[in-house]
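Colleague: Got a structure for you, written out below as structure tokens; questions coming shortly.
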Amino acid sequence: MALFLQQMINGLTLGAIYGLIAIGYTMVYGIIGMINFAHGDIYMIGAFNALIAFILLGFFGITWVPLALSLVLIIAVIVTAVYGWTVERIAYRPLRGSTRLAPLISAIGMSILLENYVQLLQGARNKPMPNLLEGGFQLWTENGFNVQVRYLQVGIVALTVALMSGFTMLITRTPLGRAQRATEQDRKMAALLGVNVDRTISLTFVLGAGLAAVAGMMVLLYYGQIDFYIGFVAGIKAFTAAVLGGIGSLPGAMLGGVLIGLIEVMWSGYFSVEYKDVATFAILVMVLIFRPTGLLGRPDLEKV
Amino acid sequence: MAVTAVDRPVDYTDLAKRSVAAGVITLILGSLLVGLETVPTPNGGSMQLEPRYRALICAAVGIAVVYCLVELLKVGRAMPALIGGLAMLAAFAVLEWAKIQGLPLGDQLPFNSWVVNWGVMLVPISLVLRALLMMHRAGRPAAVQQAGHKEDGFAAFYLKYNKLFGTLLIAIAVALPFAPFADRRLVDIGTLVLTYVMLGWGLNIVVGLAGLLDLGYVAFYAIGAYTYAMTSINFGLSFWLALPVAGALAASFGIILGFPVLRLRGDYLAIVTLGFGEMIRIIITNWWWFTGGPNGINDIPRPSLFGLVFERNAPKGQETFAHFFGIGYLPIQRVIFLYFVILMFALGTNLFTLRIRKLPISRAWEALREDETACRALGINPRNTKLTAFAIGAMFAGMAGSFFAARQGFISPESFVFLESAVILAIVVLGGLGTQIGVVLAAVLLIGMPEYFRSLQDYRMLAFGIGMVLIMIWRPGGILSHRSPTIFLNRGKAKP
Amino acid sequence: MSEGPLLSVEHLTMRFGGLVAVDDVSFSARDRQITGVIGPNGAGKTTVFNCLTGFYKPSVGRLTLTGRRGSFLLEQMDGYRIAQRAGVARTFQNIRLFPGMSVLENLIVAQHNKLMRASGYTFGGLIGLAGYRRAERAAVEKAREWLERVRLVPMADWDAGNLPYGGQRRLEIARAMCTDPDLLCLDEPAAGLNARESAELNQLLLSIRDEQKIGILLIEHDMSVVMGISDHIVVLDYGRKIADGTPTQIRNDPAVIRAYLGEAEEDENPAAEGAKA
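Residue numbers (the numbering used here), protein chains in the order written: chain U, 2 to 305; chain C, 147 to 642; chain G, 15 to 291.
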């Protein structure tokens with residue numbers, strides 16, 4: 002029971018991180034119907050930006066943790082968001098309106114490019130990060146096994162919840178969200194009605210990249226180390242989360258993320274660590290076969 | 147379009163603004179990743195930063211200038227691009243010269259790595275070339291047109307000499323190992339390229355013809371490779387006997403995977419196949435007592451030519467190739483033999499594709515790619531039709547996998563990562579969906595080139611990624627994308 | 015040929031969640047007749063079609079087709095089997111050709127099942143059996159016949175997507191006919207055609223009816239088009255059948271007039287019940 006509870010807590014934390022990345026996939030898929038394959042690498046770049054920002058702040062003597070964290074968050078989000086914008090502008094916008102495969106290939110190319118770019122600039126080795134937020138609450142003890150919630154975990158989940166609510170507001174209440182939903186429904190019509198489609202799509206990428214940067218920073222703090230390759234696996238899992246939750250749906254992405262996090266952690270805890278990714282994919286396949294629209298996705302009835 | 151590009155006015159303020167913006171964006175992008183390098187502190191443990199301002203500033207200024215020149219080029223102003231490009235090249239030459247002479251100025255090259263410095267120089271070179279081309283064409287304003295026309299010309303040119311191209315390519319491929327400049331390395335690279343050509347042609351059936359986006363193609367390749375490795379080591383099956391087994395097993399896996407997932411929408415199919423590829427790799431890695439785990443399988447027997455082995459000394463009961471023909475043993479004989487084996491396989495795949503394109507099954511694949519709903523209304527069973535494509539594609543991958551295992555003599559899960567699937571897909575899409583020669587061009591470009599420049603190891607994949615993006619932007623339909631009908635009514639028996 | 019109707023639709027109901035798109039509709043269509051299904055927009059005509067051709071599974075109802083190939087319960091068959099086995103072909107409201115394939119190829123694909131058998135399910139074709147080549151020649155001949163009828167022979171090697179709109183409409187009908195159907199279902203074939211093209215289409219449909227001896231089911235929301243060529247007309251409104259009879263009967267039916275002029279409020283259509291009898 003204690004193990005279960007502990008894994009539950011760990012799974013939720015991991016799931017929150019996946020969820021934040023998944024939002025980027027789901028929004029982009031929703032609005033232009035493409036798998037932004039480079040999104041996982043944007044998240045990796047977010048993590049690197051956060052790492053460098055941390056060290057930079059340390060160099061300037063800003064070591065008060067809350068201030069350092071907020072500054073790093075802001076810097077990493079801004080810089081990474083510009084990456085999101087640039088990737089869309091360079092690799093996807095010229096291909097809008099061409100075949101379905103072209104942007105996907107371009108995205109795979111972009112993903113390879115970004116990985117190697119970071120590897121060349123920052124080296125292939127693991128980058129360690131000192132633990133900034135130590136300690137946590139002791140929830141419960143059973144047979145000498147402590148169920149612990151780290152402060153960091155509380156912070157990650159709280160920040161995710163806050164970002165999610167902010168985001169839902171943004172999509173449902175603001176003109177930007179309206180433009181986004183309109184573009185998603187019918188790009189041509191939206192353009193005719195005066196929605197700046199290019200800008201809306203760009204903003205979608207910017208927002209997605211910003212959230213990925215937050216996730217990157219969380220992962221940096223949570224695991225205490227990153228390398229240039231973390232984007233690939235996390236990207237696939239986050240995409241799986243987006244599909245599991247129903248692609249195009251924001252709450253779905255979050256739900257999918259949490260489920261994937263839980264499945265992964267539980268599987269590692271009870272069965273085998275080696276096969277945790279197989280479990281994730283197996284569940285994805287099941288969901289797609291029995292509920293192709295995902296858990297919260299809109300059913301799409303074929304129009305004949 | 148009476149107005150030629152040259153007459154278009156230029157809003158210089160706006161251009162300046164946008165160029166500066168491009169520079170500023172570069173500055174922001176690089177501010178942390180380019181401008182600062184994380185290095186371990188001398189005492190280990192944590193990290194510290196080392197600045198790289200020069201690279202960052204050079205990149206930002208360079209991009210702003212290049213952006214400006216390219217924009218001017220786009221509206222028909224070639225002169226600035228020519229001058230700017232030449233100036234950049236001149237500056238580079240001076241710095242490079244200073245470096246060789248050991249002058250202090252030589253330290254001022256923008257980047258620390260000579261590869262990046264030289265690589266970046268490709269930009270001004272292409273600027274100058276574009277500018278010259280444009281000036282050359284300026285006398286004929288009609289020629290200054292968008293990409294659409296150029297593409298037609300390219301495809302038409304290819305179509306006209308289609309047969310010739312094919313024959314020429316095959317002739318070159320056959321003659322390559324005997325060319326005076328052919329060393330072992332070149333033949334090895336040729337073998338590798340041909341392996342990818344075969345994989346590309348196999349995947350082309352799935353993606354190009356049937357329109358099924360398969361991101362886990364490498365899984366079937368892996369299945370083929372492991373099938374041969376394990377049957378030959380455990381049951382002593384020869385390469386030629388294991389080949390159909392590997393093909394059939396890979397095809398069965400294709401059917402098993404395809405059965406539940408082929409009704410999924412295109413992008414879902416992509417991600418499920420990707421997941422399948424990863425699953426196979428993880429299983430191979432962790433099922434160590436069966437597959438050797440991450441260490442892989444060693445000492446896989448090499449293929450023989452009708453029982454003639456390519457060794458210095460024949461094992462008992464067998465004869466060596468060299469002995470049979472009464473020539474001296476040379477290690478390159480095996481290399482050349484393997485080259486011809488894969489050439490034959492690849493040509494076999496090509497022949498198969500050309501034949502099957504004239505059969506109803508292939509037309510049904512293409513029809514499914516175009517409109518599945520209409521297919522159902524015509525009584526075509528979508529699932530079986532797709533399954534056939536999937537299984538046939540998998541079969542070719544399985545055979546290529548067996549060849550890979552036999553050629554290397556060693557396989558491990560590392561050879562079957564997602565990147566391989568991506569590369570094969572890139573070959574198909576970059577080559578131009580559905581065209582056979584395009585695949586060859588793309589394979590030479592994506593596999594042969596990087597392999598040839600292997601000494602540039604670290605930069606190889608970066609260039610690969612950049613190449614993929616650039617080619618897609620330049621030709622979204624692929625280098626050679628053209629489809630001609632498989633049957634004609636009004637052109638007699640003329641072949642496409 | 016059987017004595018009974020070619021197609022009989024009994025108590026067909028189709029619900030989407032809470033919405034009842036088709037509500038207890040029964041009618042029948044005969045061999046060598048053109049049966050028109052008309053009704054205002056949203057009356058449920060296309061839904062009836064989609065149930066017939068297997069794109070939707072009806073919530074309730076029995077759809078029996080009795081043609082040259084035998085008797086089939088369409089509601090129990092998979093979509094593609096309805097075309098393959100039962101011999102029902104259809105066209106679509108918004109034309110669905112294979113735009114990247116040539117006009118001729120479109121018609122060859124329509125003969126897929128026949129050709130698959132001839133090619134020995136690909137194996138025979140791969141080794142180049144003569145039987146397949148013969149079958150392919152026959153398929154091309156059949157395609158040429160239909161191309162002549164729809165006046166598309168000169169464009170046979172064009173990409174289907176490059177045909178003008180009217181040509182695409184005609185090609186879609188030719189393609190459906192190449193499957194050798196017993197029942198041809200046309201979903202608003204006259205939509206977007208000008209008066210001359212529309213008249214030509216009517217001639218084509220009449221000749222198909224008379225020469226191929228098959229039944230045609232025709233959806234139209236424009237009454238005038240369908241009145242001229244239909245032998246029998248079924249009128250739907252709000253998912254219900256409000257009338258059923260010859261063109262003359264329909265023209266004088268008060269319920270139909272009410273539905274089309276959009277008069278008064280929804281009643282339970284007593285007139286329609288009367289008209290059916």
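Don't be surprised by glycine CBs; every beta carbon is placed ideally from N, CA and C.
Can you tell which of U:PRO252, U:ASN50, U:ILE32 and U:GLY195 has its C-alpha closest to the C-alpha of LEU70 of chain U?
Modeller: For the residues U:PRO252, U:ASN50, U:ILE32 and U:GLY195, the minimum Cα distance to LEU70 of chain U belongs to U:ASN50.
Colleague: Under 8 Å, do ILE583 of chain C and GLY312 of chain C count as touching if we go by C-beta distance?
Modeller: Contact: yes.
Colleague: Taking three-plus beta-carbon pairs below 8 Å as touching, is the stretch 136-149 of chain G in contact with the stretch 93-103 of chain G?
Modeller: Too few Cβ pairs lie closer than 8 Å, so no.
Colleague: I want to know whether the stretch 176-193 of chain G touches the stretch 131-139 of chain G - three or more CB-CB distances under 8 Å.
Modeller: Contact fails: fewer than three Cβ-Cβ distances are below 8 Å.
Colleague: May I ask you to list, following chain order, the residues of the stretch 99-114 of chain U that have a beta carbon less than 7 Å from some beta carbon of chain C?
Modeller: Residues passing the 7 Å Cβ filter: SER99, THR100, ARG101, LEU102, ALA103, ILE106, SER107, ILE109, GLY110, MET111, ILE113 and LEU114.
Colleague: To test your reading of the DSSP string, which unbroken alpha helix (DSSP H) runs of 4 or more residues are found completely within the stretch 97-178 of chain U?
Modeller: 102-123 and 152-174, all fully within the stretch 97-178 of chain U.
Colleague: Name the DSSP beta bridge partners of LEU454 of chain C, please?
Modeller: DSSP output for LEU454 of chain C lists C:LEU451 and C:GLU465 as bridge partner(s).
Colleague: Report the rounded CA-to-CA distance for GLY145 of chain U versus LEU153 of chain U, giving the unit in angstroms.
Modeller: If you take the alpha carbons of GLY145 of chain U and LEU153 of chain U, they lie about 23 Å apart.
Colleague: With a threshold of 6 Å on Cβ separation, who are the neighbours of TRP511 of chain C within its own chain once the five nearest residues in sequence on each side are excluded?
Modeller: Here the set comprises LEU355, ALA356 and ALA535.
Colleague: State the start and end residues of the unbroken beta strand (DSSP E) segment that holds CYS199 of chain G.
Modeller: Counting along the chain, the beta strand (DSSP E) containing CYS199 of chain G begins and ends at 197-201.
Colleague: Count the other CB atoms within 10 Å of the CB of PRO203 of chain G; is the residue buried (16 or more) or exposed (fewer)?
Modeller: Buried: at least 16 other Cβ atoms inside 10 Å.
Colleague: Do we get a CB-CB distance below 8 Å when we pair GLU196 of chain C with the residues of chain G?
Modeller: Not closer than 8 Å to any Cβ of chain G, the Cβ of GLU196 of chain C fails to qualify, so no.
Colleague: Taking all protein chains shown into account, decide if ASP445 of chain C is buried (16 or more other Cβ within 10 angstroms of its Cβ) or exposed.
Modeller: The residue is exposed, with fewer than 16 neighbouring Cβ atoms inside 10 Å.
Colleague: Kindly indicate which three-state DSSP category ILE246 of chain C falls into: helix, strand or coil?
Modeller: Here ILE246 of chain C sits in helix by DSSP.
Colleague: Classify ASN176 of chain G: buried if its beta carbon has 16 or more other beta carbons within 10 angstroms, exposed otherwise.
Modeller: Classification for ASN176 of chain G: exposed.
Colleague: Is there a Cβ of chain C sitting closer than 8 Å to that of GLN226 of chain G, yes or no?
Modeller: No, no contact with chain C.
Colleague: Do the stretch 244-263 of chain C and the stretch 200-212 of chain C make contact, defined as three or more Cβ pairs closer than 8 Å?
Modeller: Contact holds: three or more Cβ-Cβ distances are below 8 Å.
Colleague: Any C-beta of chain C sitting closer than 8 Å to the C-beta of ALA210 of chain U?
Modeller: No, ALA210 of chain U lies away from the interface with chain C (no Cβ there is under 8 Å from its Cβ).
Colleague: Using a Cβ-Cβ distance under 8 Å, would PRO631 of chain C count as near chain G?
Modeller: Output row for PRO631 of chain C: interface = yes.
Colleague: With 16 other CB atoms within 10 Å as the buried threshold, where does PHE549 of chain C fall?
Modeller: Its Cβ being crowded by 16 or more others within 10 Å, PHE549 of chain C is buried.
Colleague: Determine the direct distance from the alpha carbon of GLU225 of chain G to that of LEU571 of chain C, and round the result to whole angstroms.
Modeller: Each residue's alpha carbon lies about 50 Å from the other.
Colleague: Is VAL266 of chain U near LEU15 of chain U, with beta carbons less than 8 Å apart?
Modeller: Contact: yes.
Colleague: Check for me: the beta strand (DSSP E) holding ILE264 of chain U runs from which residue to which?
Modeller: Note, ILE264 of chain U: premise wrong, no beta strand (DSSP E); alpha helix (DSSP H) at 251-271.
Colleague: Please name the residues in the stretch 520-550 of chain C whose beta-carbon is closer than 7 Å to at least one beta-carbon of chain G, in chain order.
Modeller: Under the 7 Å Cβ criterion, the stretch 520-550 of chain C contributes ALA520, ARG522, ALA523, LEU524, GLY525, ILE526, ASN527 and PRO528.
Colleague: When you compare each of C:ILE482, C:SER558, C:THR159 and C:ASN636 to LEU436 of chain C by their alpha carbons, which one comes out closest?
Modeller: The sequence shown places Phe at residue 436 of chain C, not Leu. That would be C:SER558, whose Cα lies nearest to the Cα of PHE436 of chain C.
Colleague: So the candidates are G:GLY180, G:ALA273 and G:VAL167; which of them puts its Cα closest to the Cα of ASN636 of chain C?
Modeller: For the residues G:GLY180, G:ALA273 and G:VAL167, the minimum Cα distance to ASN636 of chain C belongs to G:VAL167.
Colleague: For ILE237 of chain U, does the three-state DSSP call read helix, strand or coil?
Modeller: In the structure shown, ILE237 of chain U sits in a helix (DSSP, three-state: H, G or I).
Colleague: State the beta-bridge partners of VAL51 of chain G as determined by DSSP.
Modeller: Its beta-bridge partners are G:ILE233 and G:VAL248.
Colleague: Taking C-beta pairs closer than 9 Å, name the residues in chain C that GLN98 of chain G reaches, listed in chain order.
Modeller: Under the 9 Å cutoff, chain C gives LEU524, GLY525, ILE526 and ASN527.
Colleague: Just reading off the beta strand (DSSP E) that GLU196 of chain C is part of, what are its end residues?
Modeller: Element bounds for GLU196 of chain C: 193-197.
Colleague: For chain G, find out if any of its Cβ atoms is closer than 8 Å to the Cβ of PHE405 of chain C; answer yes or no.
Modeller: So, not an interface residue.
Colleague: Should GLN123 of chain U be flagged as near chain C, meaning a C-beta pair shorter than 8 Å?
Modeller: With 8 Å as the cut-off, GLN123 of chain U counts as an interface residue toward chain C.
Colleague: Alpha carbon to alpha carbon, how far is GLY295 of chain U from GLY253 of chain U?
Modeller: One C-alpha to the other measures close to 8 Å.
Colleague: Go to GLY259 of chain G, then tell me how far its beta strand (DSSP E) extends in each direction, as first and last residue.
Modeller: GLY259 of chain G -> beta strand (DSSP E) spans 254-259.
Colleague: Go ahead and pull the three-state DSSP assignment for VAL88 of chain U.
Modeller: Three-state DSSP puts VAL88 of chain U in a helix.
Colleague: Is the Cβ of GLU265 of chain U closer than 8 Å to any Cβ of chain C?
Modeller: So, not an interface residue.
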